[in-house]
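Sequence order for the protein chains is A and B. For the first sequence, full-length UniProt numbering begins at 1 and goes up steadily by one. For the second sequence, full-length UniProt numbering begins at 1 and goes up steadily by one. A short worksheet on the structure shown next.
Protein chains: 2
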Amino acid sequence: MRSADDADLTARARIRDTAIRRWGTDGFGASVRGIAADAGVSPALLLHHWGSKDGLRQACDEYVLDRFARETDRMTAQELATASAWAILDRDPEFAPLAAYVRRAVTDERSAGRFWTALVDDTRRWLQQATAAGRVLPTRDEETRAELLVVLSLGAQLLAHHLAPPGTPADRLLAAVSERVTGPALELFTHGLFTDDRLLQAYLDHRPGEEPRP
Amino acid sequence: MRSADDADLTARARIRDTAIRRWGTDGFGASVRGIAADAGVSPALLLHHWGSKDGLRQACDEYVLDRFARETDRMTAQELATASAWAILDRDPEFAPLAAYVRRAVTDERSAGRFWTALVDDTRRWLQQATAAGRVLPTRDEETRAELLVVLSLGAQLLAHHLAPPGTPADRLLAAVSERVTGPALELFTHGLFTDDRLLQAYLDHRPGEEPRP
DNA sequence: CCGGAGGCTGAACACCCGTTTAGCATCCTG
DNA sequence: CAGGATGCTAAACGGGTGTTCAGCCTCCGG
């Protein structure tokens, strides 16, 4: 969690970090009073700095988005050979609270969609590069294929408490899920699911002149 | 929504239906007072019948689960040739409120997992039958493959507001999502994603003696 | 040394929540 | 016809919520 510069230890930064952690684990229903208590601070201070609960939330959005953007920019092509930037960060325990926050934000109905587009952009970039390198098949619709993969990985995280073996401790949840799921996922990604292309052909015949996106 | 027998029009049933609809659209945070107002009834009546908000919720769980179970049992092998039972019900507008409730329930942290297992069982059955019929490839781990497919379809529904074109009306959301997604999904299901099996082989070599499930 | 600005707090406000209680009609049963 | 169960409600209770406000310290510049 902790940022690079230690001068960031102001109460303001501490509250922001606490809010991210709290909202990430308990959802945005978690109260201002609860966050303030966790940060060892008066509830009023939080309103003093950001005006309202929603103001703090927007500041957290901004911070998390910025943090991830800076981190993904730092990654070399070498690192990105096997997995997308977000997939790599997902495995980093230091980023677990941030990732949990992203999961909450992207599911929230009144989310502005910036987290979603960030995720999709990231995997689309990775897919395009992997396609160019000949590791991934070309597709009729790169955008939607990227979104589909985001749905799969994000969905697995959102449903982690069902996917992981019962009794898995909370901090091991995501690791347990990926452990269970990568095998069948790789199977699906290399061989597909169907034995022939009849359903796909039927679909393509049914809507012949379809374009990738309007 | 309306059940088969019209004698079910008691206030009790009306409240239950209203609660399912309300919680399905707004989440379980929706208040007892709001549900009572929608049903044209005093908030106290609701507590009178079910003891507590949580009691009503359990009754709704039971009702929805039972309704889907009865409906899937009615389906013939003919109908189940192309899609699983839940996938068929998902397209039925009459079941939209029920399906929305299921989506809320399965995401809720303190869900007992009955909705999840119902979904997984349904698609596992379908996959097994399709595999036996030679339409779907065999797999090393039927259980997890079924869960993976549930993650994909459920995830697409949970993230529908991002997947659907902007400005899609709420009642068209799911249809718009499936319209956008089926093409790339069929592509993935018939051809896979990777050009070769190097990643899969590397994975299988890395953990050679792995069993499907402990 | 003085004074103002900024970080910070305790107490209160208005509102919404789930729930309780007492009591009202109504209807079925003995 | 009496009487008790049943369906239902109005009003209130206690507690949690986001937010406001007056005022406290502390530190820094003139």
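Even for Gly, the Cβ is constructed at its ideal location relative to N, Cα and C. Because the structure is a prediction, the values reported are computed rather than measured.
If distances are taken between C-alpha atoms only, which option among A:Leu-193, A:Phe-189 and A:Ser-52 comes closest to B:Tyr-203? Out of A:Leu-193, A:Phe-189 and A:Ser-52, A:Phe-189 has the C-alpha closest to the C-alpha of B:Tyr-203.
N- and C-terminal bounds of the alpha helix (DSSP H) containing B:Pro-165: B:Pro-165 -> no alpha helix (DSSP H), and no H or E assigned at all.
Identify every residue that forms a DSSP beta bridge with A:Val-136. B:Phe-194.
Three-way DSSP call (helix, strand, coil) for A:Gln-58 in this model: In the three-state scheme derived from DSSP, where H, G and I count as helix and E and B as strand, A:Gln-58 is classed as helix.
When the Cα of B:Leu-158 is compared with those of B:Gly-24, B:Asp-92, B:Leu-186 and B:Ala-13, which residue comes out closest? The shortest C-alpha separation from B:Leu-158 is found at B:Gly-24.
Check the Cβ of B:Ala-87 against every Cβ in chain A and list those closer than 9 angstroms, keeping chain order. The contacting residues do not exist; B:Ala-87 stays about 13 angstroms from chain A at best.
Looking only at its chain, what residues have a beta carbon closer than 6 angstroms to the beta carbon of A:Leu-9, apart from the 5 residues adjacent to it on each side? Within the same chain, A:Leu-9 has no close Cβ partners at all.
How would you label A:Arg-16, buried or exposed, when you count the other beta carbons within 10 angstroms and need 16 or more for buried? Buried.
Does B:Glu-187 get closer than 8 angstroms to chain A when you measure Cβ to Cβ? Yes, contact with chain A.
Cβ of B:His-161 within 8 angstroms of Cβ of B:Leu-173? Cβ distance < 8 angstroms, so B:His-161 and B:Leu-173 count as in contact.
Mind checking the segment 141-171 of chain A against chain B and listing, in chain order, the residues whose C-beta falls within less than 7 angstroms of any C-beta there? Taking a C-beta cut-off of 7 angstroms against chain B, the contacting residues of the segment 141-171 of chain A are Asp-141, Thr-144, Arg-145, Glu-147, Leu-148, Val-151, Leu-152, Leu-154, Gly-155, Ala-156, Leu-158, Leu-159, His-161, His-162 and Leu-163, listed in chain order.
Would you check if there are 3 or more beta carbon pairs closer than 8 angstroms linking the segment 47-62 of chain A to the segment 93-100 of chain A? The way I'd put it, the segment 47-62 of chain A doesn't touch the segment 93-100 of chain A; fewer than three beta-carbon pairs between them come closer than 8 angstroms.
Helix, strand or coil for B:Ser-153? Go by DSSP, reduced to three states. B:Ser-153: helix per DSSP, three-state reduction.
Determine the DSSP secondary structure at A:Glu-94, reduced to helix, strand or coil. DSSP places A:Glu-94 in the helix class (H, G or I) of the three-state scheme.
From the DSSP output, in three-state form, read off B:Arg-110 for me. Three-state DSSP puts B:Arg-110 in coil, outside helix and strand.
Could you tell me the alpha carbon to alpha carbon distance between A:Arg-180 and B:His-48, rounded to whole angstroms? For A:Arg-180 and B:His-48, the gap between their C-alpha atoms comes out near 45 angstroms.
Return the CA-CA distance between B:Val-120 and B:Trp-126, expressed in angstroms with no decimal places. Between the alpha carbons of B:Val-120 and B:Trp-126 lies a distance of about 10 angstroms.
Could you check how far apart the C-beta atoms of B:Ala-11 and B:Val-41 are, in whole angstroms? I think they sit under 8 angstroms. A Cβ-Cβ separation of about 6 angstroms places B:Ala-11 in contact with B:Val-41 under the 8 angstroms criterion.
Which chain B residues are close to A:Thr-195, counting only those with a beta carbon under 7 angstroms from its beta carbon? Under the 7 angstroms cutoff, chain B gives Gly-134, Arg-135, Val-136 and Leu-137.
Taking 8 angstroms as the threshold (C-beta atoms), are A:Met-75 and residue 215 of chain A in contact? Missing from the structure shown is residue 215 of chain A; chain A here goes from 1 to 214 and no further.
So is B:Leu-80 in contact with chain A if we call contact Cβ pairs under 8 angstroms? No, its Cβ sits nowhere closer than 8 angstroms to a Cβ of chain A.
Can you give me the C-alpha to C-alpha distance between B:Thr-107 and B:Leu-154, rounded to a whole angstrom? Taking the straight line from one Cα to the other gives about 10 angstroms.
Taking only three categories from DSSP, how would you classify A:Ala-30? A:Ala-30 falls in the coil class under three-state DSSP.
Applying the criterion that 16 or more other CB atoms from any shown protein chain within 10 Å of the CB defines a buried residue, is residue 218 of chain B buried or exposed? Not covered by the structure: residue 218 of chain B. The range shown for chain B is 1 to 214.
Terminal residues of the continuous alpha helix (DSSP H) containing B:Leu-45? Taken as a continuous stretch (DSSP letters only), the alpha helix (DSSP H) holding B:Leu-45 covers 43-50.
Given a threshold of 16 other Cβ atoms within 10 Å of its Cβ, counted over all protein chains shown, does B:Ser-31 qualify as buried or as exposed? It counts as exposed.
Going by other Cβ atoms of all chains shown within 10 Å of its Cβ, with 16 needed for buried, is B:Glu-79 buried or exposed? B:Glu-79 comes out exposed.
Return the chain-ordered list of same chain residues with a C-beta closer than 6 angstroms to the C-beta of A:Ala-164, the five sequence neighbours on each side being excluded. Within the same chain, A:Ala-164 has close Cβ partners Leu-173, Ala-176 and Val-177.
State the CB to CB distance for the pair A:Arg-33 and A:Pro-43, rounded to an integer number of angstroms; the pair is presumed to be in contact (CB under 8 angstroms). Confirmed, about 5 angstroms.
Alpha carbon to alpha carbon, how far is B:Pro-184 from A:Leu-137? Give it in angstroms, no decimals. Approximately 12 angstroms, taken between the alpha carbons.
Who are the near neighbours of A:Leu-149 in its chain, counting only those whose CB is closer than 6 angstroms to its CB and skipping five residues on each side? Non-local C-beta neighbours of A:Leu-149 in its own chain, meaning closer than 6 angstroms and more than five positions away in sequence, comprise Thr-123, ordered along the chain.
Cβ-based burial, B:Thr-117 [other Cβ within 10 Å; buried from 16]: By the neighbour-count rule (16 or more Cβ atoms within 10 Å), B:Thr-117 is not buried but exposed.
Compare the Cα-Cα distances from A:Gln-129 to each of B:Leu-45, B:Phe-194, B:Thr-182 and B:Thr-144 and report the closest residue. The shortest CA-to-CA distance from A:Gln-129 to any of B:Leu-45, B:Phe-194, B:Thr-182 and B:Thr-144 is the one to B:Phe-194.
If you draw a straight line from the C-alpha of A:Tyr-101 to the C-alpha of A:Asp-205, how long is it? A direct Cα-to-Cα measurement between A:Tyr-101 and A:Asp-205 gives close to 43 angstroms.
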